[in-house]
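The structure under discussion appears below in the form of structure tokens.
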Amino acid sequence: VYRLSFTKTGRTRFLSHLELAMALTRALRRSSLSLAYSAGFHPHPKISFATATSVGMASLEEYLDVTAAEYPGDLSNLKNEINAALPYGMEITDIQLLPYIAKDLAQSLYGFAYDLILPAETDEEKLRNIADSIENFLAVKTFPITRQSKGKTITRDIHPFIEAITLKAEEKKVTTTLRHAQTGSVRPIDIIQHVLGFPADQAQQVYVTKTKTLLT
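Be aware that the sequence shown starts at 110, since it is given in our numbering, and climbs by one per residue.
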């Protein structure tokens, strides 16, 4: 099994997960890597992703695992082959051959790191308010939020899922590390609206980039 890390930036951030998977599968098929396929009437390459990234969100680090025969050449050459067949904005950044006992991506996934880029017009007063909001969040042990999901109102405590959150005022940026668990996670939009205090009609003005996918 090979573990590949890749980016999804520029226009490719608007690809759906299915479109992203198709682009990567097509590029892998065009490379000299000998892919393993599933059995049955419609065999498909054995490829698995860490998670599906939201449409519209840029990411500097995504992962997928590919089952294939051992590649005889230099993995840097294989990386170049795959990248040559990917659309602009998607790029394989690393390829590793996993040891036999390695955990799969779903078991390894720990969380994500994000940059929340504040609007350029964010002034000193707004930055102070954001700093106060983050300080208030860090001072409490629980932070329940309410949101609508499938026609139902759901209240849940997001505090356990937020491992770190920091305002970098000079860069007009908030960095945050969010845990992913079987019991759920927290979305960047939840941070923007409920922790940073952006109204729903202004939340989309904050540009979100996933900077890391954290594996154990």
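We treat Cβ as the ideally placed atom computed from N, Cα and C, and that holds for glycine.
Residue i in three-state terms, based on DSSP
| i | result |
| --- | --- |
| Glu171 | strand |
| Phe270 | helix |
| Ser185 | helix |
| Ala240 | helix |
| Leu124 | coil |
| Leu142 | coil |
| Ile301 | helix |
| Lys235 | helix |
| Phe252 | coil |
| Ser294 | coil |
| Ala309 | coil |
Any non-hydrogen atom of the ligand NAD within 7 Å of residue i CB
| i | result |
| --- | --- |
| Thr160 | Annotation note on the ligand NAD: not contained in the displayed structure, which lists no ligands. |
Which listed residue (the options) has its alpha carbon closest to that of residue i
| i | options | result |
| --- | --- | --- |
| Ser294 | Asp310, Glu272, Lys281 and Gly149 | Glu272 |
| Leu129 | Glu200, Thr322 and Leu184 | Glu200 |
| Lys277 | Arg122, Tyr111, Gln205 and Asp224 | Asp224 |
| Val283 | Leu127, Ser242, Leu124 and Gly182 | Ser242 |
| Gly165 | Thr325, His289, Lys319 and Leu324 | Lys319 |
| Thr202 | Ala222, Tyr209, Leu187 and Leu142 | Leu187 |
| Thr285 | Glu233, Ile263 and Gly220 | Gly220 |
| Ile226 | Ala194, Phe307 and Leu324 | Phe307 |
| Val304 | Thr322, Val249, Arg139 and Tyr197 | Val249 |
| Ile210 | Ser157, Glu234, Thr322 and Val110 | Val110 |
Beta bridge counterpart(s) of residue i as assigned by DSSP
| i | result |
| --- | --- |
| Glu200 | Thr116 |
| Lys282 | Ile226 and Lys277 |
| Phe221 | Leu287 and Thr322 |
Residue i vs residue j beta-carbon contact at 8 Å
| i | j | result |
| --- | --- | --- |
| Ile288 | Phe270 | Residue identity check: residue 288 is Arg in the sequence provided, not Ile. In contact: Arg288 and Phe270 (Cβ atoms closer than 8 Å). |
| Glu179 | Ser141 | no |
| Thr292 | His268 | no |
| Tyr172 | Arg112 | yes |
| Leu218 | Leu324 | yes |
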